[in-house]
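J.:
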Amino acid sequence: MFSLDNSLAKDNASTSSDTFKRLVLLSKGFERIDVLVPTNLFKKNMTDHEKVSIFTCHGKGKLRFFSLYKQAKELLKKDKYELVVTNDAILGFLALILRKKYNFKLNINVFGSEFYNREWYKQRIFHYILGFLARFAIKRADSIRTDTLKARDLMVKVDKIPKKNITIIPVVPSQDTVDHFLKGKRDEAFRKVFLKDKFNFLILSVTHLEDCKDVPNLLQAIHECVQKYPKMKLLIVGDGERREETKKMIIELNLKENVELLGSLEYQKLPHIYASSDLFVISSMNEGLPRVLMEAGYTNLPVVTTDIDGAADIIENKISGMIVPIRDSHKLAEAIIFMYNHPKERKSFAEAMHRKTLIYCDFEDSIKNIKCLWNNICSN
5 MFSLDNSLAK
15 DNASTSSDTF
25 KRLVLLSKGF
35 ERIDVLVPTN
45 LFKKNMTDHE
55 KVSIFTCHGK
65 GKLRFFSLYK
75 QAKELLKKDK
85 YELVVTNDAI
95 LGFLALILRK
105 KYNFKLNINV
115 FGSEFYNREW
125 YKQRIFHYIL
135 GFLARFAIKR
145 ADSIRTDTLK
155 ARDLMVKVDK
165 IPKKNITIIP
175 VVPSQDTVDH
185 FLKGKRDEAF
195 RKVFLKDKFN
205 FLILSVTHLE
215 DCKDVPNLLQ
225 AIHECVQKYP
235 KMKLLIVGDG
245 ERREETKKMI
255 IELNLKENVE
265 LLGSLEYQKL
275 PHIYASSDLF
285 VISSMNEGLP
295 RVLMEAGYTN
305 LPVVTTDIDG
315 AADIIENKIS
325 GMIVPIRDSH
335 KLAEAIIFMY
345 NHPKERKSFA
355 EAMHRKTLIY
365 CDFEDSIKNI
375 KCLWNNICSN
């Protein structure tokens, strides 16, 4: 497996990460799983389980992918691998080159459909190269796993990939993590710290401060909201390359009282924050099925989201949440205001989404489905 999950390359993190727990469960029924992780971190290779080994492929910048390619060649020379799984289409392109010589089956995981999204190409010129390589690879894979209906339908429509070659299996947190979120409880003392005596409605966004998350769209929407309803308060959990621009925009829109940047927090604290909020908002331009959407569902928190790939897989608009157009701050503001003014609908939406999340994002089912997919690829 070629993985971009750097948690597997960190000291003592691999055994506790959701990814590693998933790999251990997946290894049952297979001879072994070797995972190659391209990383800037200089770490020794790790074998943390009798059937799961982590190979860290060191290199600065893009050189780490060359390191992965070399490591993969060494492993393929030594042993016969029936299946190579890559967790994105760029790594899938490297696997394609290796497949010509070593004759294995290739499964490419495609989480999200950014390479069909015009806005994604506008973010960086390099995305044009990545998009070309990604689409070249998925057309030639033996099988594709994706996480949303929208991504599957775009691959079928645009690149003419047979629907039978694409399997939808979302990336679900481990059962320990799911249980932790299900136990999240509303804490009025916590709410009071942020609401004080000035506010009565706590909005939460857990996001990276980067272009694709479109936090400026969210801030514009909050600016419109507080002109009519000044008692709204937004908490943004997360950090990123656009932090300074975000702080500047908060000041320019006169939102210093209404918006608070909390930065990165320990993951274990998040269920407490979700459960203590009144509304969750996603403003992204492109995503797969966001983990934060699942987390909101587990904690019974109503959601307003832009029309990203995974939104419609969990949310039925105006039945179990609200979906608004991407990059439309006015529609986003309207949805937030509706939620503010309709507590009964908020409760109803949250309960409906909670039920759907438990069914659609079931950890044990996802493990069974992945095993079934891998066995089917190898047997064909």
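If you use the working numbering, the sequence shown corresponds to residues 5 to 384, in order.
We treat Cβ as the ideally placed atom computed from N, Cα and C, and that holds for glycine.
1) Where does Val-89 fall in DSSP's three states?
2) So, using beta-carbon positions, are Thr-23 and Leu-30 closer together than 7 Å?
3) Which same chain residues, not among the five before or five after His-276, have their C-beta less than 8 Å away from its C-beta?
4) Taking the C-alpha atoms as reference points, what is the distance between Ala-270 and Tyr-132?
5) Hey, how far is the Cα of Gly-267 from the Cα of Ile-240?
6) Using the three-state DSSP reduction, which class does Gly-369 fall into: helix, strand or coil?
7) From Leu-265, Ser-383 and Lys-143, pick the residue whose C-alpha is nearest to that of Leu-208; which is it?
8) Going by C-alpha distance, which of Asp-201, Arg-246 and Glu-214 is nearest Lys-235?
9) Here's the rule I'm using: 16 or more other beta-carbon atoms within 10 Å means buried, otherwise exposed. How should Val-307 be labelled?
10) Output needed for His-184: all residues of its chain with C-beta closer than 8 Å, excluding positions within five of it in sequence on either side, in chain order.
11) Specify whether the region 336-350 and the region 289-302 touch according to this definition: at least 3 beta carbon pairs, one from each stretch, less than 8 Å apart.
12) Could you name the residues of the same chain whose beta carbon sits closer than 6 Å to that of Ala-17, not counting the 5 residues immediately before and after it, in chain order?
13) Please report how far the alpha carbon of Leu-186 lies from the alpha carbon of Phe-70, in whole angstroms.
14) First and last residue of the alpha helix (DSSP H) that includes Cys-229?
15) Using DSSP with H/G/I as helix, E/B as strand and the rest coil, what is Leu-238?
16) May I ask you to list the residues that DSSP assigns as paired with Arg-149?
17) I think Leu-305 touches Phe-284, with their Cβ atoms under 8 Å apart; what is that distance to the nearest whole Å?
18) Am I right that Ile-330 and Asp-311 are in contact with their C-beta atoms under 8 Å? What's the rounded C-beta distance?
19) On a Cα-Cα basis, can you pick out the residue from Asn-113, Asn-111, Glu-86 and Gly-135 that is closest to Arg-122?
20) With a threshold of 16 other CB atoms inside 10 Å of the CB of Gln-75, please say whether the residue is buried or exposed.
21) Cβ of Val-175 versus every heavy atom of the ligand HEM: is any distance shorter than 6 Å?
22) If you follow the alpha helix (DSSP H) that Thr-23 is part of, which residue opens it and which one closes it?
T.: Considering the structure as presented:
1) Locating residue 89 in the sequence shown gives position 85, counting from the first residue. It is a strand residue.
2) As a working mapping, residue 23 is identified with position 19 in the sequence shown. As a working mapping, residue 30 is identified with position 26 in the sequence shown. Going by C-beta atoms, Thr-23 is not nearer than 7 Å to Leu-30.
3) Residue 276 sits at position 272 when you count from the first residue of the sequence shown. Around His-276: Gly-188, Lys-189, Asp-191 and Phe-194.
4) As a position in the sequence shown, residue 270 is number 266, starting the count at 1. As a position in the sequence shown, residue 132 is number 128, starting the count at 1. Residue identity differs from the one stated: residue 270 is Glu in this sequence, not Ala. Those two C-alpha atoms are separated by around 35 Å.
5) Position 263 of the sequence shown, counting from 1, holds the residue named residue 267. Position 236 of the sequence shown, counting from 1, holds the residue named residue 240. Straight-line Cα distance between these residues: approximately 7 Å.
6) For the purposes of this step, residue 369 is taken as the residue at position 365 of the sequence shown. First, the residue type needs correcting, since residue 369 is Asp and not Gly in the sequence shown. Assignment of Asp-369 by DSSP, reduced to helix, strand and coil, places it in the helix class.
7) Walking along the sequence shown from the start, residue 208 turns up at place 204. Out of Leu-265, Ser-383 and Lys-143, Leu-265 has the C-alpha closest to the C-alpha of Leu-208.
8) As a working mapping, residue 235 is identified with position 231 in the sequence shown. Comparing Cα-Cα distances from Lys-235 to each of Asp-201, Arg-246 and Glu-214, the minimum goes to Asp-201.
9) Your numbering for residue 307 matches position 303 in the sequence shown. Val-307 comes out buried.
10) The sequence position of residue 184 within the sequence shown is 180, counting from 1. Here the set comprises Gln-272 and Pro-275.
11) no
12) Locating residue 17 in the sequence shown gives position 13, counting from the first residue. Interpretation of Ala-17 is limited by its pLDDT of 48, a score under 50 that renders its predicted location unreliable; the figure taken from the coordinates is listed afterwards. Ser-11, listed in sequence order.
13) Your numbering for residue 186 matches position 182 in the sequence shown. Your numbering for residue 70 matches position 66 in the sequence shown. Those two C-alpha atoms are separated by around 41 Å.
14) Here residue 229 is taken as the residue at index 225 of the sequence shown, counted from 1. Taken as a continuous stretch (DSSP letters only), the alpha helix (DSSP H) holding Cys-229 covers 219-232.
15) In the sequence shown, the residue the question calls residue 238 occupies position 234. Three-state result, Leu-238: strand.
16) Numbered from its first residue, the sequence shown carries residue 149 at position 145. Arg-149 is bridged to Asn-113 and Thr-171.
17) Position 301 of the sequence shown, counted from the first residue, corresponds to residue 305. Position 280 of the sequence shown, counted from the first residue, corresponds to residue 284. With 8 Å as the limit, Leu-305 and Phe-284 qualify as a contact, their Cβ atoms being about 5 Å apart.
18) The residue given as residue 330 occupies position 326 in the sequence shown. The residue given as residue 311 occupies position 307 in the sequence shown. The pair is a contact, with the Cβ atoms about 6 Å apart (cut-off 8 Å).
19) Translated into positions along the sequence shown, residue 122 becomes position 118. Out of Asn-113, Asn-111, Glu-86 and Gly-135, Gly-135 has the C-alpha closest to the C-alpha of Arg-122.
20) Along the sequence shown, one-based indexing puts residue 75 at 71. Counting the other CB atoms within 10 Å of its CB gives Gln-75 a total of 16 or more, which places it among the buried residues.
21) In the structure shown, the ligand HEM is absent, as is every other ligand, since no ligand is present at all.
22) Position 19 of the sequence shown, counted from the first residue, corresponds to residue 23. Here the alpha helix (DSSP H) through Thr-23 covers 22-31.
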